[in-house]
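Taken in order, the sequence shown gives residues 0 to 418; the numbers are from numbering that gives the first Met the number 0.
All C-beta atoms, glycine included, are put in the ideal place defined by N, C-alpha and C.
Remember, predicted model here, so these are calculated numbers, not experimental data.
Presented below is the structure to which this report refers.
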Amino acid sequence: MTIQHEGGQTASPQAKSLLGGAMIIAGTTVGAGMFSLPVVGAGMWFGWSLVMLVGIWFCMLMSGLYLLEANLHFKPGASFDTLTKETLGQFWRVVNGLSIAFVLYILSYAYISGGGSIVNHSLNSIGVELPQSVAGLVFALVLAAIVVISTKAVDRITTVMLGGMVITFFLAIGNLLIEVDFSKLAQSDSQASYLPFMLAALPFGLTSFGYHGNVPSLVKYYGKDGAKITKAIFIGTGIALLIYVCWLVATMGNIDRSIFPDIIAKGGNMGVLVAALSDVIESTWLNNLLTLFANLAVASSFLGVTLGLFDFLADLFGFDDSATGRAKTAAVTFIPPTILGLLFPNGFLIAIGFAALAATIWAVIVPGLLAYKVRKLYPNSDGFKVPGGNGIIWLVIAFGVITAACHLLAMADILPVYK
Ligand SMILES: N[C@@H](Cc1ccccc1)C(=O)O
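See the structure below:
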């Protein structure tokens with residue numbers, strides 16, 4: 000979800016509720032991570048997954064706050080592009096812009112792949128058989144239509160979807176948690192190794208906590224209220240952490256670790272995970288609830304990300320807001336990921352991994368560098384400053400570099416991958 004288009008900048012900052020901002024962050028953050036985390040976390044299983052999520056949450060929270068710190072040296076409304084250009088120069092501006100565009104594109108494709116998989120799973124349960132690529136096409140066309148119609152439509156529909164997600168999530172999770180078999184969670188076979196699998200999972204954890212494109216929008220929305228925006232980011236990412244942990248308890252507490260290699264062999268796509276969960280759940284309505292939730296989660300992330308991409312490309316190519324302008328923007332936004340979705344209907348996990356590689360640049364490394372630089376440029380500023388000194392900045396940047404390295408090593412088959 001995005002609030003770039005909020006018209007109400009004239010209201011005083013105090014009038015804006017904290018919860019609104021927190022929900023925007025939570026809505027952006029929770030997405031494809033729901034479906035990648037149990038699959039890539041299977042190797043290290045629950046305990047280490049929990050440790051990893053808390054660590055990544057902290058680093059991604061800090062990098063968001065660094066971006067905020069830098070942003071507050073500019074007028075509300077300044078874009079991420081402007082911040083980078085003015086603070087770090089043309090080189091970083093280009094690297095940053097390219098990595099943002101890449102992440103938005105590859106995520107759009109990932110959502111089409113995941114959405115196709117889940118639409119297919121849903122249709123199967125009512126007896127309709129479609130090739131996965133066609134299901135992806137249907138998913139993409141319906142949602143693209145909403146984005147093309149208007150930003151308002153996206154805002155309204157995402158709000159409805161978010162409401163639906165919260166309701167279905169808590170109903171489904173409530174029931175799943177009741178069925179959880181805690182001995183499954185605590186599974187610890189002293190013969191098996193767990194921890195080494197964390198390295199290959201790090202990039203997926205990083206993508207799961209990405210929301211950073213929304214920070215400049217929050218500054219525009221709330222004005223220069225650093226304390227309030229910090230709270231919104233803290234609460235929003237905290238909600239995401241809570242949802243991910245509940246989801247891991249629900250999935251790993253119901254599906255045995257020994258079943259995951261089979262899920263992974265089938266591409267680890269969302270429909271396969273939900274199907275595995277359906278196998279162990281007797282109740283049909285719980286199954287339907289879960290499927291509905293999965294549909295909503297991926298659809299709302301798709302809307303948020305493609306709307307961001309749509310605006311980014313309109314701005315880049317200078318397409319206007321007329322019907323032809325929007326049609327052109329829609330073409331460059333939706334055609335490439337949809338074609339990829341038709342060609343490679345099951346690349347969901349691979350795409351999320353690549354998204355992580357590029358996201359380390361603009362969601363971790365660049366925010367760290369921005370904060371470091373503004374502290375040097377304005378040493379006497381009494382404005383908002385993230386606590387913890389420069390040491391934590393380097394820690395966060397190191398986390399980004401290590402995660403990017405893990406992705407490259409995993410690609411080269413050097414890291415252990417559970418399968
Ligand atoms: N966190 C989002 C992906 C994302 C990454 C980076 C920025 C914005 C969104 C998800 O899991 O779907």
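Check each candidate in the options and name the one with the smallest Cα separation from residue i.
| i | options | result |
| --- | --- | --- |
| leucine 422 | Ala152, Gln89, Ser16 | The structure shown has nothing for residue 422, since the chain only spans 0 to 418. |
| leucine 368 | Gly63, Val137, Thr236 | Gly63 |
| lysine 384 | Ser16, Tyr65, Phe57 | Tyr65 |
| alanine 274 | Ala296, Phe34, Phe138, Thr236 | Phe34 |
| serine 112 | Val363, Ile263, Val137 | Val137 |
| tryptophan 246 | Ala357, Gly307, Gly32, Gly26 | Gly32 |
| asparagine 345 | Val133, Val93, Ile23, Gly88 | Val133 |
| asparagine 253 | Pro215, Ser182, Thr229 | Ser182 |
| glycine 163 | Leu291, Ala409, Lys372 | Leu291 |
| threonine 236 | Ala185, Ile258, Met61, Leu295 | Met61 |
| tyrosine 371 | Gly42, Ile23, Ala69 | Ala69 |
| leucine 315 | Asp80, Gly26, Cys58, Met51 | Asp80 |
| proline 75 | Met160, Ile228, Val38 | Ile228 |
| isoleucine 145 | Ile258, Val304, Ile172 | Val304 |
| serine 299 | Asn95, Tyr110, Gly46 | Tyr110 |
| phenylalanine 73 | Ala404, Val373, Ala403, Phe169 | Val373 |
| asparagine 174 | Asn287, Thr359, Leu376, Trp56 | Asn287 |
| proline 386 | Ala226, Val271, Lys15 | Ala226 |
| valine 214 | Ser207, Lys223, Thr206 | Lys223 |
| valine 244 | Ala21, Gly19, Met51, Leu308 | Met51 |
| alanine 41 | Leu341, Ala403, Phe343, Tyr193 | Tyr193 |
| isoleucine 396 | Trp361, Ile280, Val159 | Trp361 |
| leucine 306 | Asn294, Val331, Leu122, Thr283 | Val331 |
| leucine 312 | Pro335, Leu71, Ile23, Asp154 | Pro335 |
| tyrosine 210 | Leu198, Ala199, Ile238 | Ile238 |
| phenylalanine 203 | Thr402, Ile413, Pro415, Asp412 | Thr402 |
| isoleucine 413 | Thr86, Glu85, Phe333, Ala199 | Ala199 |
| glutamate 281 | Thr157, Phe168, Ile177, Pro37 | Ile177 |
| isoleucine 166 | Leu122, Val39, Leu295 | Leu295 |
| isoleucine 148 | Val365, Phe168, Gly324 | Gly324 |
| lysine 418 | Gly19, Gly20, Gly30, Trp44 | Trp44 |
| leucine 106 | Leu348, Gly46, Cys405, Asp310 | Leu348 |
| leucine 184 | Tyr377, Thr359, Gly46 | Gly46 |
| serine 48 | Ser16, Leu36, Leu103, Asn268 | Leu36 |
| alanine 25 | Ile99, Leu140, Phe233 | Phe233 |
| glycine 114 | Ala357, Phe90, Met269, Trp393 | Met269 |
| valine 363 | Gly212, Gly30, Gly88 | Gly212 |
| valine 407 | Val279, Asp255, Leu201, Ile258 | Going by the sequence as given, residue 407 is leucine instead of valine. Minimum Cα distance to leucine 407 is reached at Leu201. |
Got a sec, what are the start and stop residues for the alpha helix (DSSP H) residue i sits in?
| i | result |
| --- | --- |
| lysine 131 | According to the sequence displayed, residue 131 carries glutamine and not lysine. That run of the alpha helix (DSSP H) goes 131-148. |
| threonine 86 | 79-87 |
| isoleucine 242 | 225-251 |
| tryptophan 393 | 388-410 |
| isoleucine 24 | 17-28 |
| asparagine 345 | Note, asparagine 345: premise wrong, no alpha helix (DSSP H); not H, not E. |
| isoleucine 258 | First-last for isoleucine 258: undefined, no H or E at that position. |
| glycine 212 | Segment: none, glycine 212 is in no alpha helix (DSSP H) and carries neither H nor E. |
| phenylalanine 316 | 283-316 |
| lysine 375 | 365-376 |
| valine 271 | 269-279 |
Given the structure, does residue i come close to ligand 3, in the sense that its CB is under 7 Å from one of the ligand's heavy atoms?
| i | result |
| --- | --- |
| serine 48 | As presented, the structure is devoid of ligand 3, carrying ligand 1 as its sole ligands. |
Check whether the Cβ of residue i lies closer than 8 Å to any Cβ atom in chain D.
| i | result |
| --- | --- |
| tryptophan 44 | Given the protein chain composition of this structure (a single chain), no chain D is represented. |
| Residues proximal to ligand 1 by C-beta, any heavy atom closer than 7 Å | Thr27, Thr28, Val29, Gly30, Ala31, Gly32, Val102, Leu106, Thr206, Ser207, Phe208, Gly209, Tyr210, His211, Gly212, Ser300, Val304, Ala354, Ala358, Ala362
| query | Which runs of the alpha helix (DSSP H), 4 residues or longer, sit entirely within the stretch 30-95? | reply | 32-40, 44-70, 79-87
| field | Unbroken stretches of the alpha helix (DSSP H), 4 residues or longer, contained in the stretch 157-210 | value | 181-184, 196-207
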